[in-house]
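The numbering used here puts the first residue of the sequence shown at 1, with every later residue one more than the last. Note that the Cβ used here is the ideal one computed from N, Cα and C, for glycine as well.
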Amino acid sequence: MRKRKLHSRTVRAILLLVLSGVLIFIFVARLIHLQILQHNQWKTRSNKNHISKRVIDMKRGNIYDRRGSELAISVDTFSVFVYTPEVKSPAEVANALASVIPVSRDEILNKITGKQDYVLIYKELEPKLAGKLKQLAIQGVKFENHYHRYYPQKSLAANLIGFTGTEQQGLEGIELKYDKTLCGYPGLAIQEDISISDSEPSRMRVVTPPMGGSNLHLTIDAYIQHTLESELQNLVEKYKPIDGSAIVMDPHNGEVLGMACYPSYDLNEFGSVKPDVRRNRPVTDIFEPGSCMKIFAVASAIEHKRADTSSKFYCRGYGEIPGRRIRCHGAHGLVDFHKAIAASCNGAMTEISKILDPSMLYRTYKSFGFGDPTGVEVVSESTGILKPPSKWSAFSPSSLCLGHELAVTGMQLVQAYSAIANGGLLVKPKLIKRISSQDNEMKEEFEAEVVRRVLSPELAKSLREMLMGVVEGGTGRLAKVKDYTAGGKTSTAQKIEPSGVYSTTKVVCSFIGMVPAMNPKIVLLVVLNEPKGDDKTLSGGLVTAEPFSKIADRVMKYMRIPPDRPQNKIIKDIAAYNVEKNNPFAQIEVNSDITDIVPNLIGKSLKDAIQSVEKSNLKAIFDGHGIVVSQQPRPGSPIPARKIMKVTLSPDYRD
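Have a look at this one:
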């Protein structure tokens with residue numbers, strides 16, 4: 001019995017020993033497996049808990065005007081984080097942070113007492129405040145350097161420059177068009193987010209340094225741009241249009257010196273602005289150009305040898321084609337091209353349309369760039385509208401000669417007029433002058449690009465003379481520049497209503513011209529869409545010609561262009577028109593400082609006419625109201641013995 005009990009105890013002891021041995025073996029085997037066989041795997045997992053990859057922001061390139069004025073820059077900002085495992089007193093940290101950054105203590109405390117280890121407290125903190133925080137040496141507070149896009153000139157050239165998003169990617173304008181050039185490449189760093197001990201802070205190791213973007217130097221001149229915008233704003237306040245625009249371009253190399261829009265906005269506040277306000281209207285918006293296209297119809301007739309500069313056409317006060325009569329604002333009689341352009345004569349232009357084959361007119365318009373994008377460096381440039389002759393009606397040739405049945409952008413008009421100004425070459429407009437590195441070392445410079453020749457130099461000169469006649473004695477007299485000759489064309493284009501008919505009240509007023517007239521340094525366009533006011537005074541000759549004069553005068557003086565208008569001399573009027581035939585054009589231009597001859601009052605307001613009469617020691621009998629349209633004696637004639645003038649005014653002074 002005792003032997004049996006002893007045997008039983010021995011078996012249990014052996015079983016227990018074996019079982020314990022098995023358990024110990026399993027434990028040791030598992031330990032060996034984890035510590036030796038899976039050592040690298042678990043080490044990698046551990047490192048992932050301590051190390052993370054972080055992208056280092058690149059510095060986006062700056063945008064400058066042609067003289068180096070900053071238009072868009074990237075400024076240093078800092079993101080403030082708290083690594084909560086390093087925080088011993090959350091309340092103290094919250095108090096310290098709230099004393100510097102614009103976040104409440106309670107909000108900070110809620111963040112750093114949450115479940116996350118790495119908490120963003122504030123983004124894009126300016127360097128000055130970040131410096132104060134760093135001096136406080138607050139437990140667990142970390143900083144990450146970022147760049148913030150800033151536009152120091154605010155609204156200057158806003159519709160052209162565009163803006164970037166929160167990640168510094170270009171969203172509109174030049175910022176979008178040249179995003180790849182400006183943005184550069186981000187860097188990469190390894191961030192040790194979790195400290196090994198309380199005394200060891202987290203660290204960052206740069207693996208790949210960021211590469212900053214290139215700088216853009218625009219052709220825009222900040223002073224000229226400001227001049228355009230300020231004069232455009234004055235126009236807007238006076239006429240309250242839907243929108244407006246203005247462009248200045250060097251006709252010889254295509255450099256755009258200024259391109260302004262209304263409405264505009266502060267680039268630093270773009271998020272609160274509606275998309276329509278942000279449109280770059282000189283290249284996106286199209287309109288029927290009206291009378292400023294007449295010069296190209298004349299060019300077509302002469303270029304295709306259907307007429308020459310001495311050809312004459314008869315105006316009865318209207319133009320007539322089968323099925324349609326086109327009203328002219330006066331019966332101009334027999335006129336040549338110079339007088340037809342100066343008077344903006346619809347009757348003559350209708351006759352010109354009859355001698356041109358449709359294909360000729362189409363080829364001329366097409367060669368000047370209408371119906372095609374100019375290629376200027378912007379996003380979403382419009383091509384305009386120019387239908388091929390196969391889609392024309394019987395009325396189309398006359399309509400096109402008058403600037404209807406086609407639509408253009410402001411930039412297309414400036415490009416086309418520049419070809420007249422520079423001697424016949426169609427030059428591609430450009431906005432980028434050069435590209436430089438972050439160290440301002442030049443990387444690329446852009447030269448003028450000639451698209452094609454569209455006129456002979458001789459014909460271009462003749463067309464400039466015609467355009468000079470518009471300003472010296474035609475519908476554009478208010479565009480005269482004080483010390484410089486100018487040539488250009490007025491336009492008052494009726495807008496098309498949704499019903500498809502031309503509006504009797506809504507117009508687009510414009511003036512486009514060149515200064516100096518025969519050796520142009522700039523081509524300038526001013527456009528207002530639906531200006532408000534008296535229908536009889538809403539014309540390109542009254543609304544946009546005068547601001548053209550003001551802008552041109554300031555730009556010429558700024559560019560230090562020597563004056564070319566003779567002083568204290570009688571200037572023969574190129575348009576030379578007879579004032580005795582109820583025609584609104586003066587026969588000669590007379591300097592107002594000369595007191596022994598009759599002054600030229602044509603085109604002046606009543607107030608200005610009175611001042612000129614008083615300066616000449618004359619008396620005058622004024623009849624009517626508005627603008628002076630005729631006077632006796634004629635301008636430039638000797639002062640009569642009776643020293644009395646008869647002056648007629650009229651409000652009907654339209655293109």
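Within a Cβ cutoff of 6 Å, which residues of the same chain sit near residue i, ignoring the five residues on either side of it in sequence?
| i | result |
| --- | --- |
| D266 | K154 and S155 |
| T113 | P90 |
| L182 | R60, G61 and G213 |
| D198 | Because the pLDDT at D198 is just 42, under 50, the model does not fix this residue reliably, and the value given afterwards should be weighed accordingly. Around D198: no qualifying Cβ. |
| A657 | Only positions 1 to 655 of the chain appear in the structure, and residue 657 is not among them; the question remains open. |
| E144 | S79 |
| R12 | none |
Please return the same chain residues whose Cβ sits closer than 7 Å to the Cβ of residue i, not counting the five positions on each side in sequence.
| i | result |
| --- | --- |
| I138 | V93, A96 and L97 |
| M442 | R434 and S436 |
| D372 | T383 |
| G140 | V82, Y83, T84, E86, V87 and V93 |
Are the CB atoms of residue i and residue j nearer to each other than 8 Å?
| i | j | result |
| --- | --- | --- |
| L538 | C509 | yes |
| D336 | K312 | yes |
| M249 | V523 | yes |
| G474 | A301 | no |
| P282 | T409 | yes |
| L218 | L431 | yes |
| I602 | P635 | yes |
| D57 | P127 | no |
| V376 | P429 | yes |
| K615 | I644 | no |
| L606 | G541 | no |
| L133 | V379 | no |
| P152 | E70 | yes |
| E351 | G403 | no |
| V543 | Y262 | no |
| A297 | R316 | no |
| K294 | S367 | no |
| P241 | L463 | no |
With residue i as the anchor, note down where its alpha helix (DSSP H) starts and where it stops.
| i | result |
| --- | --- |
| K339 | F337 to A342 |
| H252 | Looking at the DSSP string, H252 is not in any alpha helix (DSSP H), and its letter there is neither H nor E. |
| R324 | Where R324 is concerned, there is no enclosing alpha helix (DSSP H), although the beta strand (DSSP E) it sits in stretches over R324 to R327. |
| N234 | A222 to Y239 |
| V613 | L606 to K615 |
Counting along the chain, where does the beta strand (DSSP E) carrying residue i start and finish?
| i | result |
| --- | --- |
| N215 | N215 to L218 |
| Q494 | G487 to I496 |
| C315 | K312 to C315 |
| A620 | K619 to D623 |
| M293 | Neither: M293 is in no beta strand (DSSP E) and is coded neither H nor E. |
| N110 | First-last for N110: R105 to I112, but that is the alpha helix (DSSP H), not the beta strand (DSSP E). |
| Y122 | Y118 to L125 |
| N145 | V141 to Y150 |
| R434 | I432 to S436 |
| M442 | M442 to E445 |
| Y318 | Y318 to I321 |
Give the DSSP bridge partners of residue i, in chain order.
| i | result |
| --- | --- |
| A246 | A260 and V526 |
| M466 | BP columns for M466 are empty, so no partner. |
| F287 | V408 |
| I24 | DSSP output for I24 lists no bridge partner at all. |
| C509 | T492 and L528 |
| R452 | L426 |
| I56 | G187 |
| V379 | Answer by DSSP bridge pairing: none, since V379 is not bridged. |
From residue i to residue j, what does the alpha carbon distance come to, in whole angstroms?
| i | j | result |
| --- | --- | --- |
| S491 | T208 | 59 Å |
| K142 | I24 | 48 Å |
| L15 | I26 | 16 Å |
| N657 | E124 | Outside the displayed span of the chain (1 to 655) sits residue 657, for which this structure offers no information. |
| G212 | N159 | 25 Å |
| G165 | C328 | 53 Å |
| E237 | I247 | 19 Å |
| Q494 | G290 | 8 Å |
| A416 | A72 | 31 Å |
| L649 | S418 | 35 Å |
| Y150 | D243 | 26 Å |
| F163 | G271 | 10 Å |
For residue i, which residues of its own chain have a beta-carbon under 8 Å away from its beta-carbon, when the five flanking residues on both sides are left out?
| i | result |
| --- | --- |
| T227 | G258, I551, R554, V555 and Y558 |
| E497 | S503 and K506 |
| L109 | P90, A91 and A94 |
| T450 | Inspection of the sequence shows that residue 450 is occupied by Val rather than by Thr. If we look at V450 and ignore the five residues flanking it on each side, its Cβ neighbours are L425, L426, V427 and K428. |
Could you tell me whether any non-hydrogen atom of the ligand GDP is closer than 7 Å to the CB of residue i?
| i | result |
| --- | --- |
| Y417 | With respect to the ligand GDP, the structure shown offers nothing to examine, as it has no ligands at all. |
Measure from the C-beta of residue i to each C-beta in chain D and report whether the shortest distance is under 8 Å.
| i | result |
| --- | --- |
| S104 | No chain D appears in the structure shown, which is made up of a single protein chain. |
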